[in-house]
Amino acid sequence: MNFAPAYHRYHKDCRKFIRTISLVFVSIFFLQLSLGQSPYRTRWDKEMLYTGTGIVTFGTGAYLRNKITLFTPEELEHLDQFFVNPTDRQATQMLSGHSDRASDYFMNSAQALPLLFLAGKDTRHHFGQIALMYGETMLITTGLTSITKYAVHRPRPFVYNEDASLSSIQTINAQSSFVSGHTSMTAAATFFAAKVYSDFYPDSEWRPIVWTAAAIVPAVTGYLRIRAGKHYPTDVIGGYALGAAVGILVPHLHRTRDNKKRDFSLTAIPNGFYLTMDFW
10 MNFAPAYHRY HKDCRKFIRT ISLVFVSIFF LQLSLGQSPY RTRWDKEMLY TGTGIVTFGT
70 GAYLRNKITL FTPEELEHLD QFFVNPTDRQ ATQMLSGHSD RASDYFMNSA QALPLLFLAG
130 KDTRHHFGQI ALMYGETMLI TTGLTSITKY AVHRPRPFVY NEDASLSSIQ TINAQSSFVS
190 GHTSMTAAAT FFAAKVYSDF YPDSEWRPIV WTAAAIVPAV TGYLRIRAGK HYPTDVIGGY
250 ALGAAVGILV PHLHRTRDNK KRDFSLTAIP NGFYLTMDFW
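Printed below as a string of structure tokens:
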């Protein structure tokens, strides 16, 4: 039995965690270099809270991962794609290596998007602050994604595919379908970038385009994960929602009081309350 894929996957997650933690602490160190007016406010107590939340969720996900056992021969024998709901069942017939590799490119490229803020004068002066928030965003997204994956431990679509190798099925990774990590990480990166851009440049005519691109890139990534046989449509939807929520929420929680008022409004109406949210 070949455990190499699971071993390499585990160490890949650890390396990602270490890189993110390093980004957070390097950003904290350089925060004093920020110049001029920023729509965000960073405080040591809150940054430690957000970073701690990410570390705790990542650790919880790692703990749950260690509790998962591989499929037994009896379980493999009783696997049947007809137990998969009709909406997701078509994904069990897909197995594309090209789509798998393409989804990696989309995710890795999206995670580098915040580097573009170095090109803007205002954002460049506050890049330490932006990098800190981005590190917290990715740390929390990674942790919540891991918890969900290993708490649900849903078999991936390729487990039901006759063309899939036994070595790929007999791994812990084969039981971590919900939610899609590629989609959640990509959505967190793109929506974070769109949110930060909108906060720094509230009057920019490019804001609708930026938000549209932020929505499309993780959607394409999720589609490729389905084509690769790695995820069901519901996995992608869940990952998209998780990543987008964290990507928007972390910068929003850092906004100054005046700026926050422009994002949300709550109005009383006869039957309850009316909540409006202004992205653009």
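When we follow the numbering used here, the leftmost residue of the sequence shown carries the number 10, and every step to the right adds one.
We treat Cβ as the ideally placed atom computed from N, Cα and C, and that holds for glycine.
Alpha carbon of A254 to alpha carbon of S174, nearest angstrom:
Your numbering for residue 254 matches position 245 in the sequence shown. Your numbering for residue 174 matches position 165 in the sequence shown. Taking the straight line from one Cα to the other gives about 35 Å.
Going by Cα to Cα distance, which pick from G70, P211, H261 is closest to V161?
Stepping through the sequence shown from its first residue, residue 161 is reached at position 152. The residue with the shortest Cα to Cα distance from V161 is G70.
Excluding the five sequence neighbours on either side, which residues of its own chain have a C-beta within less than 8 Å of the C-beta of P95, listed in chain order?
Locating residue 95 in the sequence shown gives position 86, where the first residue counts as 1. The answer is none, since no qualifying residue turns up.
Please give me, in chain order, every unbroken run of the alpha helix (DSSP H) with length at least 4 that falls completely inside the stretch 181–266.
The qualifying runs are 190–209, 216–236, 242–263.
Can you name, in chain order, every residue of its own chain whose Cβ lies under 7 Å from the Cβ of T230, other than the five neighbours on each side?
Reading the sequence shown from its first residue, position 221 is the one you call residue 230. Counting only Cβ-Cβ distances below 7 Å, and skipping sequence neighbours, we find S112, F115, M116, H191, T192, T195.
Looking only at C-alpha atoms, which of T151, P242, Y210, T132 sits nearest to T62?
For this step, residue 62 is matched to residue 53 along the sequence shown. Per the Cα distances, T151.
Alpha-carbon spacing of T81 relative to S177, whole angstroms:
Here residue 81 refers to the residue found at position 72 of the sequence shown. Here residue 177 refers to the residue found at position 168 of the sequence shown. Going by the C-alpha atoms only, they are around 14 Å apart.
Let me know if S155 comes out buried or exposed under the rule of 16 or more other beta-carbons within 10 Å of its beta-carbon.
By one-based count along the sequence shown, residue 155 stands at place 146. Taking all protein chains in view, the Cβ of S155 is crowded by 16 or more other Cβ atoms within 10 Å, so the residue is classified as buried.
C-alpha distance - A224 paired with T78, whole-angstrom precision:
Position 215 of the sequence shown holds residue 224. Position 69 of the sequence shown holds residue 78. Here the alpha carbons of T78 and A224 stand approximately 36 Å from one another.
Same chain, Cβ closer than 8 Å to R264, five either side skipped, listed in chain order
Indexing the sequence shown from 1 puts residue 264 at position 255. Same-chain partners within the cutoff: P48, Y49, R50, D208, D272.
Would you kindly work out how many angstroms separate the C-alpha atoms of A100 and A183, rounded to a whole number?
In the sequence shown, counting from the first residue as 1, residue 100 sits at position 91. In the sequence shown, counting from the first residue as 1, residue 183 sits at position 174. Rounded to whole angstroms, the separation of the alpha carbons of A183 and A100 is 14 Å.
Along the chain, where does the alpha helix (DSSP H) containing R133 start, and where does it finish?
For the purposes of this step, residue 133 is taken as residue 124 along the sequence shown, with counting starting at 1. Segment 130–134, the alpha helix (DSSP H) holding R133.
Neighbourhood of T157 by C-beta, 6 Å cutoff - its chain only, sequence neighbours within 5 removed
Numbered from 1 along the sequence shown, position 148 holds the residue referred to as residue 157. Within the same chain, T157 has close Cβ partners V188.
When the Cα of F200 is compared with those of P211, D212, P123, S213, which residue comes out closest?
By 1-based counting over the sequence shown, the position of residue 200 is 191. Nearest of P211, D212, P123, S213 to F200, Cα basis: P123.
Using a Cβ-Cβ cutoff of less than 7 Å, which residues in the same chain neighbour M10 once the five nearest sequence positions on both sides are dropped?
As a first step, residue 10 is located in the sequence shown; it is residue number 1 there, counting from the start. Below a pLDDT of 50, predicted positions are generally treated as unreliable, and M10, at 40, falls in that range; no measurement from the model is reported.
Would P164 and H240 qualify as a contact pair, given that the criterion is a beta-carbon distance under 8 Å?
If you number the sequence shown from 1, residue 164 lands on position 155. If you number the sequence shown from 1, residue 240 lands on position 231. Going by C-beta atoms, P164 is not nearer than 8 Å to H240.
Kindly indicate which residue of Y143, E84, D109 has the alpha-carbon position closest to the one of L125.
Your numbering for residue 125 matches position 116 in the sequence shown. With distances taken between Cα atoms, L125 lies closest to Y143.
Got a sec? Which residues, its chain only, sit under 6 Å from K204 by beta carbon, not counting five neighbours each side?
Here the question's residue 204 lines up with position 195 in the sequence shown. Scanning its chain for C-beta atoms nearer than 6 Å, with the 5 sequence neighbours on each side dropped, one finds around K204 the residues I257, P260, in chain order.
Can you check whether the CB of S105 is closer than 8 Å to the CB of G238?
Here residue 238 corresponds to residue number 229 of the sequence shown, with the count starting at 1. Here residue 105 corresponds to residue number 96 of the sequence shown, with the count starting at 1. The beta carbons of G238 and S105 sit closer together than 8 Å.
Decide if Y59 is buried, meaning its Cβ has at least 16 other Cβ atoms within 10 Å, or exposed.
By 1-based counting over the sequence shown, the position of residue 59 is 50. The residue is buried, with at least 16 neighbouring Cβ atoms inside 10 Å.
Could you tell me the distance, in whole angstroms, from the CA atom of R98 to the CA atom of S185?
Within the sequence shown, the letter at position 89 stands for residue 98. Within the sequence shown, the letter at position 176 stands for residue 185. Approximately 17 Å between the Cα atoms of the pair.
May I have the straight-line CA-CA distance separating M103 from Q120, to the nearest angstrom?
Looking up residue 103 in the sequence shown gives position 94. Looking up residue 120 in the sequence shown gives position 111. Cα to Cα, the separation comes out at about 26 Å.
Endpoints, alpha helix (DSSP H) assigned at K76:
Here the question's residue 76 lines up with position 67 in the sequence shown. First-last for K76: undefined, no H or E at that position.
I need the boundaries of the alpha helix (DSSP H) containing Y114, first residue and last residue.
By 1-based counting over the sequence shown, the position of residue 114 is 105. Taken as a continuous stretch (DSSP letters only), the alpha helix (DSSP H) holding Y114 covers 106–120.
Buried or exposed by the 16-neighbour rule on C-beta atoms within 10 Å, applied to P211:
For the purposes of this step, residue 211 is taken as the residue at position 202 of the sequence shown. The residue in question, P211, is exposed, as its Cβ has fewer than 16 Cβ neighbours within 10 Å.
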